[in-house]
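**Q**
Number of protein chains: 4
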Amino acid sequence: MLKEEKVFKDAVHQYIYVKHPLIWDLINTKEMQRLRRIRQLGTSFYTFHGAEHSRFSHSLGVYEVTRKIISSFQRNGYVAWSEEEILLALSAALLHDIGHGPFSHSFETVFHFHHEDWTCRMLCEDTEVSKALRTYQSDLPEKIKQVVQKTYENGSIVSLISSQLDADRMDYLLRDAHFTGVNYGTFDFDRIVRMLRPYDGKIVVKENGVHAIEAYLMARYQMYWQVYFHPVTRSSEIILRKIFQRVKDLYLMDYTFHIFIDPLPKLMEGNMDIHDYFILDESFIQMLLMQWINEKDPILSDLCSRFLHRHLFKYKIVHEKEGILEYAQETLSKRGFDPKYYLEMEYPLDMPYDIYQSEKDHKKQPILIMTKEDKLIEISKRSEVIKSISGEKRGVHHLYFPEEMVQHLTIPK
Amino acid sequence: MLKEEKVFKDAVHQYIYVKHPLIWDLINTKEMQRLRRIRQLGTSFYTFHGAEHSRFSHSLGVYEVTRKIISSFQRNGYVAWSEEEILLALSAALLHDIGHGPFSHSFETVFHFHHEDWTCRMLCEDTEVSKALRTYQSDLPEKIKQVVQKTYENGSIVSLISSQLDADRMDYLLRDAHFTGVNYGTFDFDRIVRMLRPYDGKIVVKENGVHAIEAYLMARYQMYWQVYFHPVTRSSEIILRKIFQRVKDLYLMDYTFHIFIDPLPKLMEGNMDIHDYFILDESFIQMLLMQWINEKDPILSDLCSRFLHRHLFKYKIVHEKEGILEYAQETLSKRGFDPKYYLEMEYPLDMPYDIYQSEKDHKKQPILIMTKEDKLIEISKRSEVIKSISGEKRGVHHLYFPEEMVQHLTIPK
Amino acid sequence: MLKEEKVFKDAVHQYIYVKHPLIWDLINTKEMQRLRRIRQLGTSFYTFHGAEHSRFSHSLGVYEVTRKIISSFQRNGYVAWSEEEILLALSAALLHDIGHGPFSHSFETVFHFHHEDWTCRMLCEDTEVSKALRTYQSDLPEKIKQVVQKTYENGSIVSLISSQLDADRMDYLLRDAHFTGVNYGTFDFDRIVRMLRPYDGKIVVKENGVHAIEAYLMARYQMYWQVYFHPVTRSSEIILRKIFQRVKDLYLMDYTFHIFIDPLPKLMEGNMDIHDYFILDESFIQMLLMQWINEKDPILSDLCSRFLHRHLFKYKIVHEKEGILEYAQETLSKRGFDPKYYLEMEYPLDMPYDIYQSEKDHKKQPILIMTKEDKLIEISKRSEVIKSISGEKRGVHHLYFPEEMVQHLTIPK
Amino acid sequence: MLKEEKVFKDAVHQYIYVKHPLIWDLINTKEMQRLRRIRQLGTSFYTFHGAEHSRFSHSLGVYEVTRKIISSFQRNGYVAWSEEEILLALSAALLHDIGHGPFSHSFETVFHFHHEDWTCRMLCEDTEVSKALRTYQSDLPEKIKQVVQKTYENGSIVSLISSQLDADRMDYLLRDAHFTGVNYGTFDFDRIVRMLRPYDGKIVVKENGVHAIEAYLMARYQMYWQVYFHPVTRSSEIILRKIFQRVKDLYLMDYTFHIFIDPLPKLMEGNMDIHDYFILDESFIQMLLMQWINEKDPILSDLCSRFLHRHLFKYKIVHEKEGILEYAQETLSKRGFDPKYYLEMEYPLDMPYDIYQSEKDHKKQPILIMTKEDKLIEISKRSEVIKSISGEKRGVHHLYFPEEMVQHLTIPK
């Protein structure tokens with residue numbers, strides 16, 4: 292243990308407490324520090340100017356939430372986990388996002404990779420993180436990888452880090468609410484912690500915690516519609532995706548960029564190693580966007596300028612899809628906009644977020660209530676409110692396009 | 292006026308309200324958008340991980356604080372300013388930081404310029420801001436420049452934007468407290484607004500507002516010692532300054548950098564124009580620092596790595612300066628560290644911040660209380676608490692150096 | 292107008308602003324001051340120790356909410372109400388609870404009267420309130436009475452004071468959450484105000500306010516289940532009701548109380564006048580309960596002791612009512628408890644609260660959404676979440692009885 | 292230990308946790324429940340309408356603050372106190388105010404007793420509290436009495452409950468700020484807890500906690516001037532004192548009150564026992580004031596009416612005392628007001644509150660800083676800010692009198 296507990300002042304949890312030297316060492320690795328250069332909410336700062344917080348802050352928060360839950364379990368004698376097991380859980384919480392790249396959603400779509408894979412590589416290949424873990428225990432990287440991939444044998448720990456009621460979500464809802472300033476993301480975190488019980492390889496909720504969970508899921512519901520699916524945020528992500536697409540296409544056409552520094556060529560060829568990936572932070576991307584405003588390719592230059600100067604695409608709601616996309620493509624083409632780069636139809640739920648899914652086959656474990664008679668019931672069976680938002684498909688299609696086209700595109704209501 | 296009032300959700304003021312189209316247009320200029328890429332608190336995020344908010348958020352906040360004060364003045368009939376005058380004040384509030392560059396304090400020290408000068412150039416030269424202002428009223432850029440330079444004829448407006456109790460400070464204290472999470476920066480903003488009165492070309496405070504002002508100045512006092520002068524923040528700024536100094540020295544030695552893109556050469560030569568300056572944001576600098584880790588110059592490479600991976604300089608407190616610097620220089624040299632780049636002695640108050648200065652000849656107007664008998668009294672004459680922190684010089688010298696030297700440097704207590 | 296605006300520091304709205312002398316005079320009447328001696332949440336302080344705030348605080352809050360809404364309507368030009376009309380609305384907001392008696396729910400049930408009737412008498416009979424109103428405008432008492440009784444011609448004003456989205460509810464949800472400390476009662480009040488529109492004699496909500504209304508109704512839903520229907524609160528109210536019932540029965544049996552001061556005899560006879568009613572505050576009732584602990588009637592003495600010393604009735608949940616009440620009555624009788632005073636079966640929704648009712652024939656106007664096409668739609672037609680809680684009947688029967696009986700009463704699960 | 296930890300929802304500390312059955316039993320005694328009928332801030336609700344919280348809430352809060360500090364001491368191994376010692380501290384924290392009577396300050400002044408004496412009697416005589424304590428350990432009442440009287444051998448426990456930085460003050464500053472709504476009473480409680488150390492029979496503060504203590508003492512300073520010494524609160528207390536004085540005088544004159552129930556006669560004779568005292572709560576007093584409005588003695592009737600209907604005395608500030616009191620007495624007499632009951636000169640610091648006293652001979656132990664060299668230094672020696680408010684005597688004399696006299700009394704400025 293550290294001679295003296297270290298604390299970080301935190302806007303959400305007041306303080307984040309670190310006692311174990313491994314956690315301290317992990318925080319000080321260059322891979323963890325790199326997360327300071329990647330925003331938690333991607334381009335959302337264009338919609339909510341306060342949304343400028345990084346994945347570094349969030350990672351500390353997930354660690355702290357996990358620490359608090361485990362500490363409650365221990366105080367009440369619900370678990371008898373070894374120190375190694377607890378340290379595994381805390382490390383996994385801290386490191387679960389270590390493989391995130393810049394503006395992940397847009398980036399990964401165009402370049403076809405998953406940040407989860409990079410997380411596993413960061414854990415196991417030649418990194419400071421990997422070294423710190425191995426110094427403590429040689430198979431720790433492998434075990435954390437299992438937790439991240441949800442194959443680890445102690446299911447309760449997997450549940451803590453990744454389920455429909457995990458430390459990840461609990462931190463980001465509270466944190467994103469604090470930094471954007473919206474009042475929707477709050478719920479009674481202390482009460483939820485008190486209601487959680489490890490049971491049969493899962494984390495379940497005591498029956499009289501149902502209302503607290505309802506409040507948590509309503510916070511999630513509101514944050515999704517108000518913040519995460521906000522059309523202005525979607526618009527900025529779409530432009531970014533179009534930029535990456537254009538760069539990729541130009542590269543394939545042997546276009547010569549006036550600036551095209553490492554590791555861009557490897558990114559294009561799909562053969563980045565862990566050290567190449569390390570450089571890819573949001574500073575790097577934003578600097579490139581700024582430089583590319585001066586590229587001679589008019590599409591790339593224009594899109595970069597729109598993104599950086601926040602001249603985002605406008606949108607119209609599409610209630611009836613039939614033929615709309617073709618019509619819009621034609622109309623844009625006529626006005627000189629290549630629809631491949633200037634048009635997108637999107638349905639908000641085509642996204643790595645979801646509100647709440649009750650099905651068992653969902654990739655994240657549903658929330659289970661333990662009744663007074665010790666039966667487990669999936670929560671939407673017990674709450675009309677949760678049932679009403681469970682698996683919700685309320686979204687409508689949005690058509691995104693340049694502001695110049697607003698007058699020219701007619702969408703039937 | 293805009294058909295419908297625009298609102299921005301804000302974590303500090305709840306909402307920021309925009310009614311006038313000029314304000315809306317100014318917010319949408321690329322110069323204002325650029326402020327999203329410059330952090331409000333420079334390198335403080337290394338001390339308080341939440342301190343990642345930008346000057347863009349703060350600029351909106353200063354606008355809103357100014358709007359609220361003017362609106363209170365109007366509602367109560369304290370002023371009869373024309374619409375033009377009000378718009379001038381609001382625009383000046385919004386634009387007062389428009390010339391800030393990346394990590395201003397370190398940057399300006401090494402390259403010898405002042406962001407105030409760039410603010411004036413941003414207002415008056417060929418920019419979107421300038422164009423928007425001129426479209427509304429041809430001499431508006433010039434008038435805002437006068438407000439920024441404190442030469443404008445209506446002293447009350449100058450006081451609002453720049454004095455010891457101005458909209459700038461009121462916003463940043465509240466904002467920095469919210470984002471860092473410290474609980475020291477709060478005070479009763481609504482009550483202060485209610486106690487302000489324009490009087491004889493100044494903004495003064497009604498006598499029964501003294502306690503509210505005490506609370507405001509104590510918030511300032513606490514924020515300065517807890518946040519702004521924090522030695523960890525100072526340490527990271529010192530490394531950054533050393534990096535800039537090394538780059539400058541290498542350039543003068545005709546060193547060939549493997550990456551040295553525009554506008555770096557002009558920056559070195561001191562002949563940047565407004566378009567060069569525009570590119571200089573924190574993404575640009577951070578990307579360079581990352582690239583320079585691979586420079587062959589060992590000092591530059593090492594310093595960049597220390598900064599980005601947060602291996603900051605350690606410090607010791609120096610009570611007796613006599614001979615210490617020479618001793619430290621020698622000791623570092625012996626161990627292979629060039630003291631020019633690896634050593635710094637600093638006194639916290641050598642900084643553009645101050646706690647509170649009561650003297651009349653200070654560049655910012657002191658806070659004046661209006662007694663029930665309509666006399667004006669400088670506030671430290673009325674409050675022992677304020678007197679106790681006024682012009683405070685409690686700081687002690689800190690010596691900063693690489694962690695490797697901690698054991699080797701002995702500083703007498 | 293008052294020479295200087297008066298302000299009250301308020302824990303919910305920060306400040307409450309009073310400009311008009313009539314409002315100031317009304318606040319200073321003895322009838323308004325009497326509301327300081329009547330708690331907003333009756334016996335809820337036995338469940339949430341912070342719930343000790345009075346109807347006085349709440350009445351100021353309803354006034355402030357109404358003031359803010361009307362001020363928003365004026366600023367945006369949505370209404371062109373005369374000063375008289377606005378003052379009527381503000382006065383009605385302030386005075387809407389002026390007729391509330393001590394522990395209203397229990398009290399009114401036993402003694403068969405309605406606080407609404409007393410509100411009307413307070414407005415129109417010989418009171419300081421009535422005098423203040425008449426001094427300003429002779430028919431003002433009558434008009435406010437019409438607002439309270441929902442017969443006033445300007446339906447928008449009635450809606451403001453009394454509907455499913457009125458100033459009353461908006462204040463009490465926020466206030467009760469603040470004082471109890473629960474985190475469920477918050478919603479984005481500023482945004483709701485911005486979304487409200489007076490339309491065709493009603494207050495309706497702009498379509499893009501739906502999510503804010505969902506959050507408001509979920510706050511209401513949570514507060515109802517967590518606070519207002521809490522079984523411990525119900526238990527204390529039941530004991531109080533039993534006490535009043537016993538006193539009434541003893542009076543009818545010509546029992547001689549050792550203390551039975553004015554206006555108790557008139558209360559028993561049902562002929563209190565407005566001055567008698569004025570004396571009936573919660574101090575008066577609590578003092579009586581304390582004195583009655585020493586009555587020789589064992590039931591009255593025992594019940595008063597249970598209430599004051601918080602030895603409340605316990606409860607069991609009854610899923611199947613058939614025969615339970617008879618069984619419980621018999622069991623209590625056998626153990627020496629008169630079931631008339633020691634037993635109660637209750638269904639939480641038999642209460643003057645409700646969660647949300649969408650039916651048109653409900654006594655409070657439902658919440659209407661105004662679509663972009665200017666159609667009005669009842670909100671539960673637009674929101675699955677609201678539909679799921681609308682007219683909810685989730686309650687189960689609770690059987691309340693003395694703790695001594697817990698072991699002896701067997702309720703099938 | 293209780294089978295399951297009990298929690299109370301609390302507006303200040305979020306939750307209050309009870310694990311030990313003795314604490315639970317003590318909370319459920321009728322003497323603790325009685326504190327629900329005595330307000331924490333006496334008549335302050337006439338100034339801040341939210342100040343309606345009771346000594347019951349505060350007592351739970353002091354318990355929780357003490358529990359948190361001890362828990363931090365244990366976690367960090369600073370103390371090795373036995374379970375008995377800890378339970379003693381927690382019980383003392385919970386019970387420290389058990390002897391408070393209604394509107395203590397006014398009441399005690401007139402009837403010459405001290406609530407501390409009643410606290411000791413509540414602990415040791417025939418009460419439920421005493422019984423619960425003795426059941427657990429026969430000498431516990433005596434030991435708690437020693438803690439309350441500051442004679443207990445373990446000085447650290449005395450310091451926790453009663454010193455210039457005790458659990459009592461920390462809770463009431465935070466609580467009174469929350470309920471009144473003022474923003475001055477907040478400080479970083481978690482950090483202070485982390486900086487406290489038991490040392491040589493005292494609780495001292497680590498050197499780098501100085502800023503946190505400054506913030507705490509500034510909160511105290513602000514609360515004293517803004518809330519506790521507020522002239523409107525003083526005015527209402529003065530009227531109350533005058534009422535009690537008049538009742539006492541009338542009793543001595545053999546006046547016959549139309550209502551004068553137990554235990555008033557014993558109160559007048561000064562021979563109340565613990566059961567008489569129990570009945571004396573604020574309901575009892577308020578009911579009497581209401582009844583006494585109808586007394587035939589015009590002074591008593593008038594004063595009660597002024598108090599209940601909030602027609603408080605007005606005040607003027609007296610800079611030069613010479614002859615003023617005599618002048619005011621004469622002037623009042625001429626206008627028919629008996630100055631004994633209608634006039635008061637007061638200096639705010641003649642009160643059981645103080646801001647901060649550094650002297651060693653003060654009845655509360657001063658705050659000591661432990662330097663890095665393990666020396667103890669009284670804090671005002673280390674902080675100019677604290678020195679500036681230490682022993683402050685800024686108050687001015689206030690003269691209180693009926694509003695009708697405002698025009699007739701001329702006080703030189």
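Residue numbers (our numbering), protein chains in the order written: chain P, 292 to 704; chain D, 292 to 704; chain U, 292 to 704; chain E, 292 to 704.
Even for Gly, the Cβ is constructed at its ideal location relative to N, Cα and C.
Note that the coordinates shown come from a computational prediction; the quantities given were computed from them, not determined experimentally.
Could you have a look at H566(P) and say whether DSSP puts it in helix, strand or coil?
**A** H566(P): helix per DSSP, three-state reduction.
**Q** Any contact of the segment 375–382 of chain P with the segment 353–366 of chain P, i.e. 3+ C-beta pairs under 8 Å?
**A** Cβ pair count under 8 Å is three or more, so yes.
**Q** Let me know the secondary structure DSSP gives K672(E) once reduced to three states.
**A** The answer is helix: DSSP assigns K672(E) an H, G or I state.
**Q** Between the beta-carbon of E407(U) and the beta-carbon of V439(U), is there less than 8 Å?
**A** Contact flag set, yes.
**Q** Look at the alpha carbon of H469(D) and the alpha carbon of D462(D), and state the distance between them as a whole number of angstroms.
**A** Those two C-alpha atoms are separated by around 11 Å.
**Q** Under 8 Å Cβ-Cβ, which residues of chain P neighbour Q305(E)?
**A** Result: D481.
**Q** Go to H469(E), then tell me how far its alpha helix (DSSP H) extends in each direction, as first and last residue.
**A** Start and end: A458 to T471.
**Q** To the nearest angstrom, how far is the alpha carbon of S421(E) from that of K436(P)?
**A** So the two alpha carbons sit approximately 59 Å from each other.
**Q** Under 7 Å Cβ to Cβ from K654(P), same chain only, skipping five residues before and after it: list those, please.
**A** Excluding positions up to five away in sequence, the list is empty.
**Q** Taking the alpha-carbon positions, what's the I454(E) to L531(E) distance?
**A** Checking the sequence, you will find Ser at residue 454(E) rather than Ile. In a straight line, the C-alpha of S454(E) is about 30 Å away from that of L531(E).
**Q** Determine contact between the segment 473–486 of chain E and the segment 443–454 of chain E, defined as no fewer than three beta-carbon pairs at a distance below 8 Å.
**A** The answer is no - the segment 443–454 of chain E does not touch the segment 473–486 of chain E, with fewer than three Cβ pairs under 8 Å.
**Q** Pull the bridge partners of M636(U) from the DSSP assignment, please.
**A** DSSP output for M636(U) lists L690(U) as bridge partner(s).
**Q** Expressed to the nearest angstrom, what Euclidean distance is found between the alpha-carbon atoms of V609(U) and K607(P)?
**A** Near 53 Å, if we compare the C-alpha coordinates of K607(P) and V609(U).
**Q** With 8 Å set as the bound, which would you pick, yes or no: does the beta-carbon of E611(U) sit closer than that to a beta-carbon of chain P?
**A** No, its Cβ sits nowhere closer than 8 Å to a Cβ of chain P.
**Q** Going by DSSP, what residue range makes up the alpha helix (DSSP H) through D316(E)?
**A** Where D316(E) is concerned, the enclosing alpha helix (DSSP H) stretches over P312 to I318.
**Q** Looking only at its chain, what residues have a beta carbon closer than 6 Å to the beta carbon of P639(P), apart from the 5 residues adjacent to it on each side?
**A** Contacts found: F520 and G686.
**Q** Quick one: what's got a C-beta closer than 7 Å to D629(E)'s C-beta in the same chain, skipping five residues either side?
**A** Excluding residues within five positions, the ones whose Cβ falls inside 7 Å are I590.
**Q** Determine, for T426(E), whether the minimum Cβ-Cβ distance to residues of chain D falls below 8 Å.
**A** Judged by the 8 Å Cβ criterion, T426(E) is not in contact with chain D.
**Q** Going by the DSSP bridge assignment, what does M661(D) pair with across the sheet?
**A** Beta-bridge pairing links M661(D) to K497(D) and L667(D).
**Q** So, at 6 Å on beta carbons, what are the nonlocal neighbours of K300(D) in its own chain, with the 5 sequence-adjacent residues on each side left out?
**A** Excluding residues within five positions, none has a Cβ falling inside 6 Å.
**Q** Measure the alpha-carbon distance for V298(P) versus E635(P) and round it to whole angstroms.
**A** Answer to the nearest angstrom: the Cα atoms are 46 Å apart.
**Q** Please look up how many angstroms separate the CB atoms of R488(E) and K497(E), rounded, as I've assumed it's under 8 Å.
**A** That pair is a contact at about 6 Å.
**Q** Just the Cα atoms here: how many angstroms apart are K557(D) and W409(D)?
**A** K557(D) and W409(D): Cα-Cα distance of roughly 15 Å.
**Q** With a threshold of 8 Å between beta-carbons, can Y475(U) be considered close to chain B, or not?
**A** The structure shown contains no chain B; the protein chains it does contain are P, D, U and E.
**Q** Which ranges would you report for the alpha helix (DSSP H) in the segment 306–362 of chain E if only whole runs of at least 4 residues count?
**A** Entirely contained in the segment 306–362 of chain E, the alpha helix (DSSP H) runs reaching 4 residues are, in chain order, 312–318 and 321–325.
**Q** So D751(P) packs on Y542(P), CB below 8 Å; how close in whole Å?
**A** Nothing in the structure corresponds to residue 751(P), since chain P is present only between 292 and 704.
**Q** Applying a beta-carbon distance threshold of less than 8 Å, which residues of chain U neighbour K678(P)?
**A** Going along chain U in sequence order, the residues near K678(P) (Cβ under 8 Å) are S679.
**Q** At the level of alpha carbons, what is the spacing between A383(U) and H405(U)?
**A** Each residue's alpha carbon lies about 18 Å from the other.
**Q** Could you have a look at P643(E) and say whether DSSP puts it in helix, strand or coil?
**A** The predicted position of P643(E) is uncertain, since its pLDDT is 49 and thus under 50; a value taken from the coordinates is nonetheless stated next. Looking at P643(E) - three-state DSSP - the assignment turns out to be coil, as it is neither helix nor strand.
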